[in-house]
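Protein sequence lines correspond, in order, to chains A and B. My numbering applies: residue 2 is where the first sequence begins, and numbers increase by one. My numbering applies: residue 2 is where the second sequence begins, and numbers increase by one.
Number of protein chains: 2
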Amino acid sequence: MKTQNIPKATIKRLAVYIQVLSGLKRDGVEVISSEKLARACSVNPSQIRKDLAYFGEFGVRGVGYYVHELISSIKHSLGVDRVWGCALVGVGNLGRALLRHKEFALRGFSIRAAFDCDPYKIGEIVSGLEVVCTRQLKGRVDEFGLEVGIITTPPERAQRAANYLVDGGIKGIVNFAQARIQVPKEVTVEYVDFTHHFYSVAFNISSAD
Amino acid sequence: MKTQNIPKATIKRLAVYIQVLSGLKRDGVEVISSEKLARACSVNPSQIRKDLAYFGEFGVRGVGYYVHELISSIKHSLGVDRVWGCALVGVGNLGRALLRHKEFALRGFSIRAAFDCDPYKIGEIVSGLEVVCTRQLKGRVDEFGLEVGIITTPPERAQRAANYLVDGGIKGIVNFAQARIQVPKEVTVEYVDFTHHFYSVAFNISSAD
DNA sequence: AAATGTATGTGAAAAAATGAACAATTAATG
DNA sequence: CATTAATTGTTCATTTTTTCACATACATTT
């Protein structure tokens, strides 16, 4: 095990491993080798072993990895073996969809508060959660245990949403808005952009001879 | 300009450039240097110039890049300067959200058909589109000009959805389902997984000292 | 308990991506 | 029309990431 700075690509792959391992577990598979797991994930077997080596030794030589145990180990390594409280800012179409999306809670990301600056939306109940004025955000961070911010505003309001989150002491933001945001360097921002995937597919189709 | 195989990371960044450049254009900026654009995108200026160099020479030395022109050039390079017809398979919560999401059409990805295998959903109208039995997919590919598949099924049905798309002659798939799929190598698959971004944020917060 | 087969963990090599540096080119200025 | 200032396109060095190869370790069999 090494305490280097871990590549972002590794984190991304670990998420894939969890996904595939969870599927294997559903199918009753108890042990798997890096080679078979690699095939299912479309990566190189060494890659998997190396990725895991950043965090510890989880396998048994000559045997492989115990599926259930490995899932737990990876989740623990990533810090997702607990529930994270999330604050959503921007109750538009996308925001509503995320509030209703059950998958997040299942994976340990519990949306506990929804904020919007539109007076017509404030007070509305979406998926059992009351929409609150964004100005109230700071005051609810501790009360609701909000740790991660989710921005689902239109692009022009993304920066303001980010400011509210940062001001509230939030240290991690997942930004679904179509805009870059500026935050202090101690705050982590992840940009979610579906269109990039579409562009990638379009490019690949286009450039196939 | 070089005709090498272009890194996936470059494609991803090009999408970011388009996003930021579009914002600049909205704000009336006509010319921008790689340095300023780089700052807005949180990347290195050389990186931008290098990424663009894969596709041509779009700048003017001593001046910079003409914003509007650069957007067009990048879009053309990616093959997204036209409309792509899309088929969505799986009309659940996420599928419905995507069908209602106007952003896709704005960016050139027009969802022209929605498929599901659930008899209760077939015939339903979602966002002006009738839900059709997935078996009908192949027959509608040509008629509707379907080129890109979007999978929004539960994980256990993702592979079947992929099979229908591949069988229909679709060459590019954007997979929102929580499962890996197997397709012939001439078919491009992009996996969309929000949770990866959440994991990344959780990991960063956790490992911050 | 020795031998055998298997699959991990890791160090070294190869490949790829990034960043710095600079020559080339343009516009503006005197 | 030469000079200056600015900024691109591109080469080269550096860093990072990926892949290979093998010693190490475990389980099973004889």
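Built from N, CA and C at the ideal position, the CB exists for glycine as well.
| Query | Result |
| --- | --- |
| Cutoff 7 Å; reference V190/B; Cβ partners in own chain excluding five residues on either side | I174, N176, I182 and V184 |
| Interface residues of the stretch 118-143 of chain B facing chain A [CB-CB below 7 Å] | none |
| Under 8 Å between C-beta atoms of A98/B and A114/B | no |
| S208/A - DSSP class collapsed to helix/strand/coil | coil |
| Residues of its chain near K122/B, where Cβ-Cβ distance is below 7 Å and the 5 sequence neighbours each way are ignored | V92 and V132 |
| Residue-chain proximity (I206/B, chain A), Cβ-Cβ < 8 Å | yes |
| Segments assigned beta strand (DSSP E), at least 3 residues, entirely inside the stretch 117-180 of chain A | 130-134, 149-152 and 173-176 |
| Extent of the continuous alpha helix (DSSP H) run through G212/A | In the structure as shown, chain A starts at 2 and stops at 210, and residue 212/A therefore has no counterpart that could be examined. |
| Three-state secondary structure (DSSP) of G93/A | coil |
| Simplified DSSP state of V68/B, which is helix, strand or coil | helix |
| Which of helix, strand or coil DSSP assigns to V190/A | strand |
| Nearest-angstrom Cα separation, counted from L138/A out to V167/A | 10 Å |
| Within-8 Å CB hit, P156/A to chain B | yes |
| Contact set for Y67/A: own chain, Cβ-Cβ below 8 Å, skip 5 residues either direction | E31, V32 and V61 |
| D143/B versus Q48/B: straight-line alpha-carbon distance, rounded | 40 Å |
| Own chain, CB closer than 8 Å to S111/B, minus 5 neighbours either side, in chain order | V84, W85, G86, C87 and F105 |
| Whole-angstrom C-beta distance between D52/B and R108/B, which should lie under 8 Å | Between D52/B and R108/B the Cβ distance is about 20 Å, and since that is not below 8 Å, they are no contact. |
| Rounded distance between the beta-carbons of G63/A and S34/A, thought under 8 Å | The pair is not a contact, with the Cβ atoms about 10 Å apart (cut-off 8 Å). |
| Where L147/B meets chain A, residues with beta-carbon distance less than 9 Å | What L147/B touches in chain A: nothing, since even the nearest Cβ is about 12 Å away. |
| Option nearest T196/A by Cα separation, candidates I7/B, I19/B, P8/B and N6/B | I19/B |
| Distance CB(H102/B)-CB(L100/A) smaller than 8 Å | no |
| Rounded separation between I12/B and F145/A - CA only | 39 Å |
| Backbone secondary structure at S201/A - three-state DSSP | helix |
| C-alpha distance - V81/B paired with A209/A, whole-angstrom precision | 15 Å |
| Partners in chain B for K172/A, counting only beta-carbon separations shorter than 9 Å | V202, N205, I206 and A209 |
| Under 8 Å from the C-beta of L95/B: neighbouring residues of chain A | A98 and H102 |
| Chain-order list of residues whose beta-carbon lies under 8 Å from that of V193/B (same chain, five-residue window excluded) | V175, N176 and F177 |
| Nearest neighbour of V17/B, chosen from G140/B, F204/B, P8/B and S43/B [CA to CA] | S43/B |
| Beta-carbon proximity list for A163/A, same chain, < 6 Å, skipping 5 on both sides | I182 and V184 |
| Per DSSP, the bridge partner or partners of S111/B | G86/B |
| Buried versus exposed, by CB contacts within 10 Å (16 or more), R27/A | exposed |
| Proximity to G29/A [Cα-Cα], best of P120/A, P155/A and H69/A | H69/A |
| Test: D194/B CB closer than 8 Å to a CB of chain A | yes |
| Terminal residues of the alpha helix (DSSP H) in which P185/A lies | First-last for P185/A: undefined, no H or E at that position. |
| First and last residue of the uninterrupted alpha helix (DSSP H) at S35/A | S35 to C42 |
| Closer than 8 Å to chain B by CB, A41/A | yes |
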